[in-house]
Amino acid sequence: MSAVPKQFMGFAEEFRTPGQPVIQPERFAEALHLHVQELAKLAGVHRTTVTETPGNARLQGFLREALRALSAVYEVTQDRDRSIFWFRNTPIPEFGHRTAETLVAEGKTDAVIAYLMSIAAGSSG
Numbered sequence: 004m005s006a007v008p009k010q011f012m013g014f015a016e017e018f019r020t021p022g023q024p025v026i027q028p029e030r031f032a033e034a035l036h037l038h039v040q041e042l043a044k045l046a047g048v049h050r051t052t053v054t055e056t057p058g059n060a061r062l063q064g065f066l067r068e069a070l071r072a073l074s075a076v077y078e079v080t081q082d083r084d085r086s087i088f089w090f091r092n093t094p095i096p097e098f099g100h101r102t103a104e105t106l107v108a109e110g111k112t113d114a115v116i117a118y119l120m121s122i123a124a125g126s127s128g
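Residue numbering for the sequence shown follows the numbering used here, starting at 4 and increasing by one per position.
Take a look at the structure:
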């Protein structure tokens with residue numbers, strides 16, 4: 004896989020507040036059409052953490068991993084909306100029909116990226 008596409012970087016920048024080193028979870032949730040409660044569940048934090056403590060290490064860790072996976076999806080699809088849809092909704096047979104979103108929440112981002120690399124390399128997946 005090549006470097007992160009410029010278009011994806013623009014997408015990722017939507018979640019950043021200038022001068023802040025954290026990903027803004029509410030912006031992330033909005034872009035992925037997630038309720039704050041859903042984001043909290045995926046990140047393994049209390050629902051109030053998303054709004055009251057957006058810099059929480061566990062929450063930020065999930066957001067970074069989700070962006071890593073989304074970047075890999077974007078490299079395959081070259082389309083923001085398709086990338087988000089695939090990440091959130093497409094069951095992956097090789098992983099018990101769980102979605103990339105679920106796998107990232109389970110700490111399996113590297114497996115998702117490896118799967119996407121095999122797809123990009125021409126594997127039948």
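No residue lacks a Cβ here, since even glycine has one placed at the ideal position from N, Cα and C.
For Ser-5, I'd like the list of residues in its chain whose CB is within less than 8 angstroms of its CB, leaving aside the five on either flank, ordered along the chain.
Position 2 of the sequence shown, counted from the first residue, corresponds to residue 5. Residue confidence for Ser-5 is low, a pLDDT of 46 falling below 50, so the modelled location carries little weight; the figure read from the coordinates is stated next. In its chain, beyond the 5 residues on either side, Glu-78 have a beta carbon closer than 8 angstroms to the beta carbon of Ser-5.
When the Cα atoms are used, what is the spatial distance from Arg-71 to Thr-112?
Translated into positions along the sequence shown, residue 71 becomes position 68. Translated into positions along the sequence shown, residue 112 becomes position 109. Between Arg-71 and Thr-112, the C-alpha separation is close to 8 angstroms.
Would you report the Cα separation of His-36 and Ala-114, rounded to the nearest angstrom?
Within the sequence shown, numbered from 1, the residue matching residue 36 stands at position 33. Within the sequence shown, numbered from 1, the residue matching residue 114 stands at position 111. When rounded, the distance between both Cα atoms is 24 angstroms.
Can we say the region 14-32 touches the region 52-66, given the rule of at least three CB pairs closer than 8 angstroms?
A contact exists between the region 14-32 and the region 52-66.
Could you check where the alpha helix (DSSP H) with Val-115 kicks off and where it finishes?
Locating residue 115 in the sequence shown gives position 112, counting from the first residue. It spans 112-123 - the alpha helix (DSSP H) in which Val-115 sits, taken as one unbroken run.
Does the Cβ of Glu-104 have 16 or more other Cβ atoms within 10 Å, making it buried, or fewer, making it exposed?
Sequence index remark: in the sequence shown, residue 104 carries index 101 (1-based). Buried, by the Cβ-count rule.
Residue environment, Glu-17, which counts as buried when at least 16 other CB atoms sit within 10 Å:
As a first step, residue 17 must be located in the sequence shown, where it is residue number 14. With fewer than 16 other Cβ atoms from the protein chains shown falling within 10 Å of its own Cβ, Glu-17 counts as exposed.
Suppose you measure from the CA of Gly-128 to the CA of Leu-73; what does that come to, to the nearest Å?
Translated into positions along the sequence shown, residue 128 becomes position 125. Translated into positions along the sequence shown, residue 73 becomes position 70. Only weak support exists for where Gly-128 lies, its pLDDT of 45 falling under 50; the value from the coordinates is given anyway. Roughly 18 angstroms separates the two Cα atoms.
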